[in-house]
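*Asks:* My questions will all concern the structure given below.
Residue numbers (the numbering used here): 208 to 425.
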């Protein structure tokens with residue numbers, strides 16, 4: 208309680224003191240640019256991914272624009288030890304996504320290289336994925352994939368650097384006859400997701416892949 212008094216939780220947009228479980232105040236909440244995608248229908252993310260690999264479904268919670276509230280939310284989660292943001296983002300997904308009759312069999316997350324994981328202290332996708340797993344009753348496997356190369360974050364690369372990221376991920380086990388929900392934080396060029404998808408498709412049979420990201424660059 209003393210810590211909460213000395214360092215109260217504040218809105219990521221206006222800095223107003225808010226409940227410790229929230230990340231933005233009620234006034235600023237409408238400023239978050241939600242995508243309003245329908246997971247089960249065509250949308251801008253699915254259209255982009257379809258030209259890169261066979262995909263079942265795709266969903267982005269937010270639109271990620273420079274100097275936007277969505278960008279601040281994601282950056283606070285990734286770089287400022289605000290793991291609780293992942294829980295809030297998961298709650299917003301749960302309010303908006305109904306898998307209907309196309310529920311995935313396994314949730315997995317884009318892995319961090321062990322050096323980056325050690326530096327950051329946590330994978331920002333794990334709490335997010337765990338929350339979704341508990342809500343939808345879908346098993347989560349954070350070790351299904353491993354990162355084999357170490358590089359700077361995608362968001363900090365220019366476009367030419369992003370396109371060079373190849374063979375950076377490895378499947379740790381076969382996952383035949385499964386529908387995989389792959390989770391990432393921000394979709395930019397789709398290079399990371401595409402590389403992982405082809406790693407799965409090339410090393411398993413009769414597998415379907417769907418994508419869920421916290422935000423997509425627009």
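All C-beta atoms in this analysis are idealised placements derived from N, C-alpha and C, irrespective of residue type, glycine included.
Pick from 323, 320 and 229: whose alpha carbon is nearest that of residue 292?
*Replies:* The shortest C-alpha separation from residue 292 is found at 229.
*Asks:* Should residue 390 and residue 407 be called a contact, given that it needs their Cβ atoms to be closer than 8 angstroms?
*Replies:* No, these two residues do not count as a Cβ contact at 8 angstroms.
*Asks:* Is residue 239 near the ligand MG, with its Cβ less than 7 angstroms from a heavy atom?
*Replies:* As presented, the structure is devoid of all ligands, the ligand MG included, so that no description of it is given.
*Asks:* Check whether the segment 260-280 and the segment 417-425 are in contact - that is, three or more C-beta pairs closer than 8 angstroms.
*Replies:* The answer is yes - the segment 417-425 touches the segment 260-280, with three or more Cβ pairs under 8 angstroms.
*Asks:* May I have a chain-ordered list of the beta strand (DSSP E) segments no shorter than 3 residues that lie completely inside the segment 307-366?
*Replies:* DSSP runs (the beta strand (DSSP E)) wholly in the segment 307-366: 313-316 and 352-354.
*Asks:* Indicate the three-state DSSP secondary structure (helix, strand or coil) for residue 401 in the structure shown.
*Replies:* Residue state, collapsed to three classes: helix.
*Asks:* Hey, residue 225 and residue 238: beta-carbon distance below 8 angstroms or not?
*Replies:* Cβ distance not < 8 angstroms, so residue 225 and residue 238 don't count as in contact.
*Asks:* Would you call the segment 323-342 and the segment 410-418 in contact, with 3 or more CB pairs under 8 angstroms?
*Replies:* Counting Cβ pairs under 8 angstroms, fewer than three are found: no touch.
*Asks:* Given a cut-off of 8 angstroms, decide if residue 252 and residue 244 are closer than it, judged by their beta-carbon atoms.
*Replies:* Against a cut-off of 8 angstroms, the Cβ pair of residue 252 and residue 244 comes out as a contact.
*Asks:* Who pairs with residue 238 in a beta bridge, going by DSSP?
*Replies:* Bridge partners of residue 238: none, in fact.
*Asks:* Measuring straight from C-alpha to C-alpha, what distance separates residue 326 and residue 220?
*Replies:* The straight-line gap from Cα to Cα measures roughly 27 angstroms.
*Asks:* Can you tell me where the beta strand (DSSP E) with residue 246 in it begins and where it stops?
*Replies:* Looking at the DSSP string, residue 246 is not in any beta strand (DSSP E), and its letter there is neither H nor E.
*Asks:* Using the beta-carbon count (16 or more within 10 Å), is residue 231 buried or exposed?
*Replies:* That one is buried.
*Asks:* Considering only their Cβ atoms, is the gap separating residue 377 from residue 352 smaller than 8 angstroms?
*Replies:* It is a contact, given that the beta carbons lie within the stated cut-off.
*Asks:* How would you label residue 278, buried or exposed, when you count the other beta carbons within 10 angstroms and need 16 or more for buried?
*Replies:* That one is buried.
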